[in-house]
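Q: After the structure tokens below, expect a handful of questions from me.
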Amino acid sequence: MSIMARLPGWMIATLALASLLPAPAAAQGSGPLPRTADGKPDLSGIWQAVTTANWNIQAHSAEKDVPAGLGIVEGDEIPYQPWAAAKKRENFANRATADPDAKCFLPGVPRATYLPFPFQIFQTPNHIAITYEYVHAVRRIFMNSSHPRGPLEFWMGDSRGRWEGDTLVVDVVYFTNQTWFDRAGNFHSEALHVVERYTPITPYHINYEATIEDPKVFTRPWKISLPLYRRIEKNIRVLDYECYAFGLERTWYRPPE
Amino acid sequence: MSTRLRHSLRVFALVLVLWWAAPASAAAQNWSPSRLPDGQPDIQGTWEGSADSANAGHSLEEGCCDPEHNKMQQRAASNIGLRKQVIIDPPNGRIPFQPWAIEKRREHLINLEAPTELQHIEPEDRCSLQGVPRSNLRGPIQILQSPGQVVMLFEWVHAYRVIPVDGRPHAPKGAATWQGDSRGRWEGNTLVVEATNFRFDPVGYNKQPWIDSHGTFYTDSLRVVERWKFVDANTVDYEATIEDPKVFTQPWKIAYQIQRLREKNFELIEEGCWEGVSVSNRLEAGRIAAKSGKQRIHSHTEP
Amino acid sequence: MLKIAVAWIIGAVFLATAPDAAAQNMPRTSDGKPDMSGIWTAVNSAAWNILPHPAEDGVPAGLGVVDGNEIPYRPEAAAKQRANFANRAALDPETKCWLPGVPRATYMGFPFQIVQTPTQVSILYEYGHALRNIFMNSPHPKGPIEFWMGDSRATWDGDTLVVDVVHFNDQTWFDRAGNHHSEQLHVVERYTPIDRDHINYEVTIEDPKVFTRSWKMSMPLYRRVDRNMQLLEYECSSFDEAFRTRGAER
Amino acid sequence: MLLPVLVLASLIAVVDARQQEPAKPYAPPRTADGQPDIQGIYNPVGTFYNIEDLEYQSLYQNFKPNPSLSGKSLIIDPPDGKIPYQAWAAEKRKPIYQLHGDPTPQYVDPNAQCWPQGVPRHMNNREFEIFQPPGHVVIFNMAHHSYRVIPVDGSPHIPEAVKLWQGDSRGRWEGNTLVVDVTNNNDQTWFDVMASFHSDAMRVTERMTPVGPDRIEYRAVITDPKVYTRPWTFAIYFNRSKDYGSELYEEACVEVNDRNMELLKRPGRN
Chain R
5 MSIMARLPGW MIATLALASL LPAPAAAQGS GPLPRTADGK PDLSGIWQAV
55 TTANWNIQAH SAEKDVPAGL GIVEGDEIPY QPWAAAKKRE NFANRATADP
105 DAKCFLPGVP RATYLPFPFQ IFQTPNHIAI TYEYVHAVRR IFMNSSHPRG
155 PLEFWMGDSR GRWEGDTLVV DVVYFTNQTW FDRAGNFHSE ALHVVERYTP
205 ITPYHINYEA TIEDPKVFTR PWKISLPLYR RIEKNIRVLD YECYAFGLER
255 TWYRPPE
Chain A
834 MSTRLRHSLR VFALVLVLWW AAPASAAAQN WSPSRLPDGQ PDIQGTWEGS
884 ADSANAGHSL EEGCCDPEHN KMQQRAASNI GLRKQVIIDP PNGRIPFQPW
934 AIEKRREHLI NLEAPTELQH IEPEDRCSLQ GVPRSNLRGP IQILQSPGQV
984 VMLFEWVHAY RVIPVDGRPH APKGAATWQG DSRGRWEGNT LVVEATNFRF
1034 DPVGYNKQPW IDSHGTFYTD SLRVVERWKF VDANTVDYEA TIEDPKVFTQ
1084 PWKIAYQIQR LREKNFELIE EGCWEGVSVS NRLEAGRIAA KSGKQRIHSH
1134 TEP
Chain U
32 MLKIAVAWII GAVFLATAPD AAAQNMPRTS DGKPDMSGIW TAVNSAAWNI
82 LPHPAEDGVP AGLGVVDGNE IPYRPEAAAK QRANFANRAA LDPETKCWLP
132 GVPRATYMGF PFQIVQTPTQ VSILYEYGHA LRNIFMNSPH PKGPIEFWMG
182 DSRATWDGDT LVVDVVHFND QTWFDRAGNH HSEQLHVVER YTPIDRDHIN
232 YEVTIEDPKV FTRSWKMSMP LYRRVDRNMQ LLEYECSSFD EAFRTRGAER
Chain G
7 MLLPVLVLAS LIAVVDARQQ EPAKPYAPPR TADGQPDIQG IYNPVGTFYN
57 IEDLEYQSLY QNFKPNPSLS GKSLIIDPPD GKIPYQAWAA EKRKPIYQLH
107 GDPTPQYVDP NAQCWPQGVP RHMNNREFEI FQPPGHVVIF NMAHHSYRVI
157 PVDGSPHIPE AVKLWQGDSR GRWEGNTLVV DVTNNNDQTW FDVMASFHSD
207 AMRVTERMTP VGPDRIEYRA VITDPKVYTR PWTFAIYFNR SKDYGSELYE
257 EACVEVNDRN MELLKRPGRN
């Protein structure tokens, strides 16, 4: 497969716009940021969002088995086009079965980030990989390279990264229209374009910010932000959560007791 | 000793103590409290509604109760009604319900006497969080302060309120809670607290608190502004303005005094509630009453 | 001679109480203690099982929080744990929305807020608005008393808040896997700040009726640094299911 | 479909190559943290159809028997090339020979259900990429985006009670050979399509040795006292693959796997 496509002009424009957004708070306390040999912040390690956003990225009261949450959407408002707002309400009503998460599908971006499961970042100068515990989702972020020529549809999108100062900026396109942002039915189309910004605040915290753009669904771009926490348990590691296998495990070849 | 019994005895003792202590409290006007590192007046300690507010938690309009009830609850037989009008605005001391809400409240009062559904039972008896201002009318309140916040701990159903006084904005509307979302600020020695974003459960009413036992209900439009005026080391002139344009014809106001608890080495103890509550007998009795058509409205005056 | 002795004593005291390097940037209260005020969460899967466990439907896998990965049950208590586990859907006190007890309240996955004063440390849990008042430097009241959350008394051991908790009932569990205790449970919690944003939470569990020896669990607590973080409510008993169950009981 | 042909061709080469060792040891370059650098995209040279008998080879199940390879095996120990099953286990597995073409659900290949392959099958399935960030070897498989993380930092295994599809891998470099100890395996994975199975007592010791810039020799010693009479050794080569340029792309599985969902609904599912 050829990876030679150039970034389309509109995407370059968006990237430039994203770089103008206000910079998050500078690193403070808890010691200096760890850095790699090439001087970039070292994001390697196991991280987890501690949030209720997987149930609802907007502010919500508690329900059974759903803790209340303040939401992660800036301004707490998602600028749906009218048809899309109706679709969202329909999704919400049918969320128990309609949520792709209930089918154990790959969660997409940014949802993979704020699922209540840890993930691990592996960082090298040209290539950053993120391995998620949830359904062994995995993302490869190739640095300073272009998206391939589309149309392409990936569940986790196609990710291209670059450093802006101490912020890892990841441009993600080529999604399916099959994933949701949360259990509450917030959704997007295959025209989704996500720009993620990973800014380390301390050695133990990353400020995660994502700008969401989808001209088919929203009237304007909107933003989410939340902290990621470095898991500091001794011997912590990403385990597995093979959601679609639950209840289907075989026993016929188990040794006799 | 059951916590509830211990509690009622304490309230009784307290009423006597405060009855005696009350006249002294009006004196100091320019109390200068010690200050905490973040500049807040230090109001820590344990407080409780004064004798003037006794029984107001049951009904802000009528107090509580009747001699028979008092006997059951091991309360003094004479402890009936309100000592002082608690609703100061409107001047008639009645809650300014809109016409539809009068009907709704009447329904609550009938169901209260013969509950057949869980939501007919008084929220307090269902161990509900009490919300604002009702939390302040039920037993001791311990106030702790740490930089930027006032924390109120209630013995009743081990409830608490965290009141930021650091100027932060209210939580988003979507995250409504039974206790409401409180934001405070200091005006001299007066702690002004605005509580909004109360949770409202129009369908089930399962845990929907009321403002008193007499079915004083509200909607998600409830907004309460409290003024905790610390007039001396031991006294708060407490005032709360209650508005809910969906239920009331006008904002209304309650006022009473809150006193520092004088008991030495007082410690809040755990009052489990939900863990021990049983409502099935009451529902059974309610069903029998409803069947026999002997329903009546809950009232302390009508037989 | 006296001067030297005094200097030695002062030196010794200083050494004993000097915070280690990692705790240097721990904020401190006006009385010099580590200031643990704030909102914290344990981030692990101990709520499901404090021992190591593989993933199941709705249950993330976990490496466990028990030292040595073993709970020293007496034989009959081990059998009870297995029975609890088998019937956990019906028996787990959590399904009844009861107060969760200590230390379970710490690692239910919900945030909790520490309010710290020199004489009292209160912990406000979002789950079921559970509340603990931890009184400093005072003795436990004389028992027998049975509280859901126990009676907590604390002292400072250097930078560690040591909380002694007794007077429990036998109604709470340690997790959803049926790990249990009796009313003789004695919990010693140690809250040791690692840095501004992390507390090492260590618990020693003792219950001669249920265990052959004392045992320990430990886990980090994470300060919630989310913007405008505040406690909300999880009123378990207000959700339909719990409420209907309670209404149906005799 | 070019791949099966390629695989078939290289397979014959492998069977021959097994007999002879390269004359001079290959010295790979080093990564920034000093690991022998074996990064890149590789193709396993073998078959996952029936590791005991290459007559049944076919990577993508468009099955064509090749009688000339009959009896040849990827198992180099024991010498008969057979998995040394205990009697009960051999008995359990028998029906698969009749059923594998149209299996009842309990005989459906777990890999075909998009479940993670486990070790060693993760290395004997599809193209995979070896990635070596500091302190780790990470292996990404093309097939349903499965991955393995192998710390090479001396950290200990996780507690025994935690069972994982891909097991818990801990690696170390012995010279240029990556030695990986894999524990904590669950009992749900097979070694091939023919229901070659193991229990959750399985332990795998892998040895990956680069023998040239484009080839890695792979051996896995498998022990499982609950299922086998003795340890056995599985051996294949990995050849560097140039079919995907430098980037493997995402291959969804359960998300698009309607056929298997239907299979699972068939009667006889246990």
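Residue numbers (the working numbering), protein chains in the order written: chain R, 5 to 261; chain A, 834 to 1136; chain U, 32 to 281; chain G, 7 to 276. Even for Gly, the Cβ is constructed at its ideal location relative to N, Cα and C.
Does any CB atom of chain G fall closer than 8 Å to the CB of A53/U?
A: Summary for A53/U: the model assigns pLDDT 49, below 50, so the residue's position carries little reliability; its value from the coordinates is reported in the next sentence. No, A53/U does not count as interfacial toward chain G.
Q: Using 10 angstroms around the beta-carbon of E166/G, count the other beta-carbons present and answer buried if the total reaches 16, otherwise exposed.
A: exposed
Q: Let me check understanding here. Comparing Cα to Cα, which of N100/U, K64/U, P131/U and W71/U lies closest to I81/U?
A: Proximity to I81/U across N100/U, K64/U, P131/U and W71/U peaks at N100/U, based on C-alpha coordinates.
Q: Can you check whether the C-beta of D193/G is within less than 8 Å of a C-beta belonging to chain R?
A: It does: the Cβ of D193/G has a partner Cβ on chain R nearer than 8 Å.
Q: If you draw a straight line from the alpha carbon of V850/A to that of N903/A, how long is it in whole angstroms?
A: At V850/A the pLDDT is 40, less than 50, meaning the model places this residue with poor confidence and gives no usable figure here.
Q: In the structure shown, what three-state DSSP assignment does S1132/A receive?
A: coil
Q: In three-state terms, what does DSSP make of R241/R?
A: Three-state DSSP puts R241/R in coil, outside helix and strand.
Q: In whole angstroms, what is the alpha-carbon distance linking W880/A and F1099/A?
A: 11 Å
Q: Ends of the beta strand (DSSP E) at H142/G?
A: H142 to N147
Q: State yes or no: is the beta carbon of H151/G nearer than 8 Å to at least one beta carbon in chain R?
A: yes
Q: Tell me, please, which residues DSSP counts as bridged to Q172/G.
A: BP columns for Q172/G are empty, so no partner.
Q: So for T203/U, helix, strand or coil by DSSP?
A: The answer is coil: DSSP assigns T203/U none of H, G, I, E or B.
Q: What residues in its chain sit with their C-beta under 8 Å from that of D98/U, if we drop five residues either side in the sequence?
A: W246, K247, M248 and S249
Q: I want to see whether chain A comes within less than 8 Å of D69/R, judged by CB atoms only; does it?
A: no
Q: Against chain U, with Cβ distances strictly below 8 Å, would E261/R count as a contact?
A: It does not; no Cβ of chain U falls within 8 Å.
Q: Run down chain G in chain order and give the residues with a C-beta less than 9 Å from the C-beta of N100/U.
A: P165, E166 and A167
Q: Note down the Cα distance separating A52/U from P224/U, rounded to an integer number of angstroms.
A: Because the pLDDT of A52/U is 45, which lies under 50, any placement of that residue in the model is unreliable, and the number read from its coordinates should be weighed accordingly. Roughly 11 Å separates the two Cα atoms.
Q: Could you compute how far the alpha carbon of S1111/A sits from the alpha carbon of V241/U?
A: 30 Å
Q: Exposed or buried, R258/U, counting other C-beta atoms within 10 Å across all chains shown (16 or more means buried)?
A: With fewer than 16 neighbouring CB atoms inside 10 Å of its own CB, R258/U falls in the exposed class.
Q: Which residues share a DSSP beta bridge with C897/A?
A: G914/A
Q: Whose C-beta lies closer than 6 Å to the C-beta of D1034/A among residues of the same chain, with five residues either side of it excluded?
A: Q1041
Q: Determine, for Q1012/A, whether the minimum Cβ-Cβ distance to residues of chain U falls below 8 Å.
A: So, interface residue.
Q: Between W79/U and chain A, is any beta-carbon pair separated by less than 8 Å?
A: no
Q: Measure from the C-beta of W51/R to each C-beta in chain G and report whether the shortest distance is under 8 Å.
A: no
Q: Can you round the beta-carbon distance between E894/A and R927/A to whole angstroms, since I take them to be within the 8 Å contact cut?
A: 6 Å
Q: Determine the contact status of N200/U and W187/U, defining contact as a CB-CB distance below 8 Å.
A: no
Q: E58/G: buried (16+ other C-beta within 10 angstroms of its C-beta) or exposed?
A: buried
Q: Measuring CA to CA, which of D190/U, H160/U and V197/U is closest to F166/U?
A: V197/U
Q: What residue range is occupied by the uninterrupted beta strand (DSSP E) comprising R144/R?
A: V142 to M147
Q: Would you kindly check if the distance between the Cβ of S65/R and the Cβ of R1032/A is under 8 Å?
A: Contact flag set, yes.
Q: In this structure, how does DSSP classify M260/U when only helix, strand and coil are distinguished?
A: coil
Q: Confirm, please, whether the CB-CB distance from V1058/A to T1068/A is below 8 Å.
A: no
Q: Whole angstroms is fine: what's the gap from T56/R's alpha carbon to D105/R's?
A: Their backbone Cα atoms lie some 15 Å apart in a straight line.
Q: I'd like the ranges of any beta strand (DSSP E) spanning at least 3 consecutive residues and lying wholly in the region 26 to 97 of chain G.
A: 46 to 51 and 81 to 83
Q: Taking the alpha carbon of P122/G as the point to measure from, which residue in G46/G, D193/G and D220/G has its own alpha carbon closest?
A: The shortest C-alpha separation from P122/G is found at D193/G.
Q: Measuring straight from C-alpha to C-alpha, what distance separates D175/R and V198/R?
A: 6 Å
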